[in-house]
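A short write-up of the structure that comes next.
Numbering (full-length UniProt numbering), first residue to last: 1 to 526.
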């Protein structure tokens, strides 16, 4: 092929050289050509999406989306998409992208998927997030799509109610992400009492929340909890990038059904869509907005107000939730749906904690807290599950990796490492407000209340917290109990926030952790 060949114009836009070569070989073998289209998709994973027209020799051209997967399940995912097309052919013609080529593996891992969106060309088609910006009522659009997925894709015999254990359902939903090389294990596997040999509860300051990992698997606390759960056809990866909307025809199309299941946990798609839709906005929300959003997911209502969250995203959340709630009322089982929704919320929130390449640490920490709070709700009716005072707790996990010995703060900055070691080796004593220590605790409370976290740079963070760091270095040795631990963790968070070379997302996560610890310390100091 020459450089003037239109196929080469498409291939030149592919970032992965191996994928480029694999697709070129397929085109040559099938006497096929690609003509570039201006459409490109926004990736919600590391995959690349390109629009084109594909013409195989002797056949009419068809508009396609070329998806380059840098990694994945290979032929297994291709087969899953094929099964989705076969299981519901009428629905597929209207709402599922068709596969236009065979399986195209990429040497070294990954694949190329060429699929044509249902409904026609790309000129009037956009991914859901972009489409909502042009709709007069995003809520109505999302309600309509959600209803169709529940009713049209899962009619009659496609929907089943199966007795399942909570542990097995969570294990299936998380899948390979829990493996040794999985995205969840990558951050959770090495933390004491969290994923491996999980303790049932986590210390969250003055609260004790359930460790969601204690509910996963047949041999977990969740293994003994039997529930009747809805199962049906499920996309399995329904983020806004995999849902295309035809603005003129007001129709929709699902693409990339590589995680499709005919017996998937119903509701997982809807919760996944809602959480991934807001995932990119969490880092920019004020603290009040993050709390309001968390509370809404735990107790969704039609009247939503989340400070800082774009209105169209709030309308998406309400449209999806109200559609599922209406469907559940039609099944005469709203209570069952609310419990199933908490299971989906726990699973999807855990999945998003592992998205280290796509989400900043602060957002991932938000998702883990959501998973823990959803898990706590799930255990409220589980007989025998340990209460806050019935079992030892594991420390609240850190989403960011700990600093290495080479990341020591500059010598001009007060270091808290020595004081931290002294605290750990000192005998336990409780702070005595009747002694001279009382003045220290009063000063510390004042500094904690006035400190400003989340500075844009390490030097700004150092300047803003200088007085607080000096006070922490002077803390009475061996204060004991939760107060001692929170002061040590606060010192660690401040050290992390000023580490040389730390990325802005990681600095933001460290500041968020420090802000949380500040609240816990102030609560103990009264």
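In this text, a Cβ means the ideal position worked out from N, Cα and C, and glycines have one as well.
Here's a check: name, in chain order, each residue in its chain whose Cβ is nearer than 8 angstroms to the Cβ of residue i, leaving out the five neighbours to either side.
i	result
residue 464	451, 452, 453 and 455
residue 356	183, 186, 187 and 364
residue 17	none
residue 434	Confidence is the limiting factor: at residue 434 the pLDDT is only 46, short of 50, which leaves the residue's position unreliable and the question unanswerable from this model.
residue 192	394 and 395
residue 104	22, 23, 26, 111, 112, 113 and 114
residue 204	369, 372 and 396
residue 62	53, 54, 55, 100 and 116
residue 377	298 and 342
residue 508	283, 360, 361, 362 and 454
residue 219	167
Rounded to the nearest angstrom, what separates residue i and residue j at their Cα positions?
i	j	result
residue 48	residue 438	60 angstroms
residue 75	residue 26	16 angstroms
residue 391	residue 229	29 angstroms
residue 10	residue 133	29 angstroms
residue 141	residue 135	8 angstroms
residue 288	residue 369	15 angstroms
residue 460	residue 366	24 angstroms
residue 110	residue 176	16 angstroms
residue 202	residue 60	60 angstroms
residue 78	residue 55	21 angstroms
residue 255	residue 163	31 angstroms
residue 493	residue 166	35 angstroms
residue 505	residue 190	21 angstroms
residue 353	residue 36	36 angstroms
residue 7	residue 316	38 angstroms
Here's a check: name, in chain order, each residue in its chain whose Cβ is nearer than 7 angstroms to the Cβ of residue i, leaving out the five neighbours to either side.
i	result
residue 194	188, 211, 213, 394 and 397
residue 318	139, 302 and 304
residue 40	49, 50 and 51
residue 530	Residue numbering for the chain in the displayed model covers 1 to 526; residue 530 lies beyond these limits and cannot be assessed.
residue 257	80, 81, 84, 96 and 235
residue 320	142, 146, 270, 273 and 274
residue 153	88, 91 and 233
residue 42	127 and 241
residue 350	174, 184, 212 and 371
residue 20	11 and 14
residue 313	277, 278 and 281
Please return the same chain residues whose Cβ sits closer than 6 angstroms to the Cβ of residue i, not counting the five positions on each side in sequence.
i	result
residue 334	328
residue 198	211, 213 and 214
residue 155	none
residue 382	225
residue 171	216 and 217
residue 348	271, 272 and 275
Using CA coordinates, which residue listed in the options is at the minimum distance from residue i?
i	options	result
residue 384	222, 155, 92 and 81	222
residue 239	215, 273, 267 and 258	273
residue 235	297, 8, 150 and 322	150
residue 34	310, 370, 85 and 100	100
residue 65	491, 493, 115 and 336	115
residue 482	503, 494, 504 and 518	518
residue 252	488, 30 and 94	94
residue 516	376, 504, 13 and 486	486
residue 524	206, 181, 443 and 160	206
residue 46	290, 521, 14 and 6	14
residue 440	457, 473 and 458	473
residue 237	360, 220, 313 and 344	344
residue 325	168, 358, 169 and 300	300
residue 389	174, 171 and 209	209
residue 358	512, 280 and 290	280
residue 160	200, 510 and 231	231
residue 457	471, 168, 511 and 491	511
Would the C-beta of residue i count as close to the ligand COA, meaning under 7 angstroms from any of its heavy atoms?
i	result
residue 298	This structure simply doesn't include the ligand COA, nor any ligand for that matter.
Tell me whether residue i is buried or exposed, calling it buried when 16 or more other Cβ atoms sit within 10 Å of its Cβ.
i	result
residue 217	buried
residue 260	buried
residue 431	Reliability fails at residue 431, whose pLDDT of 45 lies under 50, so the model's placement of it is uncertain and the value that follows must be treated cautiously. With 16 or more Cβ atoms within 10 Å of its Cβ, residue 431 is classed as buried.
residue 69	buried
residue 402	Reliability of the predicted coordinates at residue 402 is poor, the pLDDT of 37 falling under 50, and the value obtained from them is presented with this limitation in mind. Residue 402 is exposed by the Cβ-count criterion.
residue 443	exposed
residue 286	exposed
residue 107	exposed
residue 181	exposed
residue 38	exposed
residue 346	buried
residue 489	buried
residue 196	exposed
Segment contact flag, the segment 127-137 with the segment 237-245, C-beta cutoff 8 angstroms, min 3 pairs = Yes, the segment 127-137 touches the segment 237-245.
Does the segment 492-506 come close enough to the segment 274-282 that 3 or more CB-CB pairs lie under 8 angstroms?
-> Counting Cβ pairs under 8 angstroms, fewer than three are found: no touch.
Counting pairs of Cβ atoms below 8 angstroms between the segment 465-475 and the segment 441-451, do you hit three or more?
-> Enough Cβ pairs lie closer than 8 angstroms, so yes.
Quick check: the segment 307-316 against the segment 255-271, are there 3 or more CB pairs under 8 angstroms?
-> Contact between the segment 307-316 and the segment 255-271 is absent, because fewer than three Cβ pairs lie under 8 angstroms.
Indicate whether the contact test is met: 3 or more Cβ pairs, each with one atom in the segment 291-299 and one in the segment 106-122, closer than 8 angstroms.
-> Taking 8 angstroms as the limit for Cβ pairs, the verdict is that the segment 106-122 does not touch the segment 291-299.
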